[in-house]
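The sequence shown begins at -17 in the numbering used here and counts up one residue at a time.
One structure below.
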Amino acid sequence: MRKILIAGNWKMNKNSAEASELAAEIAQTLGRQHEVDVVICPPFTALESAARAIENSGVKLGAQNMHPERSGAYTGEASAEMLRHLFATYVILGHGERREYFKESDEFINQKVLAALNSRLKPSLCVGETLEERESGKAFEVVERQVKAGLANVPADLADLVIIAYEPVWAIGTGKTATPDQAQEMHQFIRGHLPALLGEAQAQRTRILYGGSMKPANARELLRQDDIDGGLIGGASLEGRTFLQIVEAAAEVSR
Ligand code: PEP
C-alpha cells in the first residue's frame, strides 16, 4: 500500500516569522501522527525557522526548487546540500510555474532530479499539460515526455525516493480542478510508464500526487482514486485550518 502524502507548497508566501507560526500550528495539531505523510515547503528564506517549528513532530520539510550543481557561481541559487543542511528532506522540482516563468527545460529538471537523489533528497517531479495542450488533445503526449525526460537515468537503488506530482497547469491556482476521473486517467497513464523508468516493483510503490486547486471539499474524492496517492497543495496550504482539513480527509481515506 502506498501511504498518502500531503505536501503544502507555500510558493513565495510567508516570511520567516509567519512561516514559523504556520509550521508550529501544523506540527502542534498533528504531533507524531503517522497515518499520512505531511510535508511543508516554505520559501528558502523560511526553511530554517520552519525546521525549528516542526522539530519533534512528524511533519517533514521540503524546498520548492534547487540548482543541480553542488556549489559555484550560480547567483541566487541553492544546492541540494544546502537544503539538507537546513533539514529539508523533500524538494519540489519542475513545478509548472518554474517551467513557465523561468523557462526550465525537461533536461535541466532531470539534472536537478538526479542531483537531489544523489544528496538523498526526495524529489517531487511535477508534470502537467497546459489548457491549450489539453484542448488540442496533446495532454498525454506532453505528460509522457515530461515524465520520461524528468526521470531519465534515475539509478535503480535510489528510485524509491522519487515522487511524481501531476499538476495540470490549467488547474494550478485557478480554482478549476481536474475531475477525479480525469486525474485518475492521467495518474494511471503515468504509472504505466514507470516500470521502464524505475523498475517493475518500484512502479507500484511510487507515489503520484495530484495538484491543482485541491481543497477540503474535493480532497476525499480525488484521494479515493486508485492511482492518486496524495496531494500537492498550493493556495489551500497557506492557512493552517484548511491544510489540516485536507490532512484529515487524507487520513479518513487511508483508514
Ligand atoms: C501548486 O502550486 O502546486 C498548486 C497545486 O497550487 P494550487 O493548489 O493553488 O492550485
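Glycine is no exception: its CB is placed at the ideal position from the N, C-alpha and C atoms.
Please read all numbers here as calculations on a predicted model, not as lab measurements.
Euclidean distance between Cα positions of residue i and residue j
{"i": "Q93", "j": "P50", "result": "6 Å"}
{"i": "Q166", "j": "D209", "result": "6 Å"}
{"i": "I(-12)", "j": "T57", "result": "31 Å"}
{"i": "K(-4)", "j": "E37", "result": "19 Å"}
{"i": "A141", "j": "M(-6)", "result": "29 Å"}
{"i": "R237", "j": "G54", "result": "47 Å"}
{"i": "G157", "j": "I228", "result": "16 Å"}
{"i": "E3", "j": "I215", "result": "18 Å"}
{"i": "T5", "j": "G213", "result": "The sequence shown places Ala at residue 5, not Thr. Rounded to whole angstroms, A5 to G213 spans 18 Å at the Cα level."}
{"i": "D211", "j": "R52", "result": "31 Å"}
{"i": "A178", "j": "A185", "result": "9 Å"}
{"i": "R116", "j": "F225", "result": "29 Å"}
{"i": "K104", "j": "F69", "result": "12 Å"}
{"i": "G155", "j": "G217", "result": "7 Å"}
Cβ-Cβ distance between residue i and residue j below 8 Å
{"i": "V243", "j": "L12", "result": "Any question about residue 243 goes unanswered here, given that the chain covers just -17 to 237."}
{"i": "H175", "j": "Q207", "result": "no"}
{"i": "A(-1)", "j": "S31", "result": "yes"}
{"i": "A239", "j": "I(-14)", "result": "The chain is shown from -17 up to 237; residue 239 falls before or after that span and cannot be answered."}
{"i": "S219", "j": "G(-10)", "result": "yes"}
{"i": "R189", "j": "R(-16)", "result": "yes"}
{"i": "A33", "j": "A9", "result": "no"}
{"i": "G181", "j": "A138", "result": "yes"}
{"i": "A160", "j": "G119", "result": "no"}
Can you find at least 3 beta carbon pairs, one from the region 106 to 113 and one from the region 142 to 149, that sit closer than 8 Å?
yes
Quick test of the definition: if touching needs 3 or more C-beta pairs under 8 Å, does the region 190 to 210 touch the region 123 to 133?
With a cut-off of 8 Å, the region 123 to 133 and the region 190 to 210 do not count as touching, because too few Cβ pairs lie within range.
For the 8 Å Cβ check, are there 3 or more pairs between the region 25 to 44 and the region 53 to 73?
yes
Within the chosen definition, does the region 59 to 67 reach the region 82 to 91 through at least 3 CB pairs nearer than 8 Å?
no
I'd like the ranges of any alpha helix (DSSP H) spanning at least 4 consecutive residues and lying wholly in the region 174 to 212.
182 to 187, 198 to 205
Just list the alpha helix (DSSP H) runs in the region 18 to 75, keeping only unbroken ones of 4 residues or longer that don't cross its boundaries, in chain order.
As far as the region 18 to 75 is concerned, its whole alpha helix (DSSP H) runs of at least 4 residues are 29 to 36, 62 to 67.
Beta strand (DSSP E) runs contained entirely in the region 107 to 183, provided each spans 3 or more residues:
145 to 148
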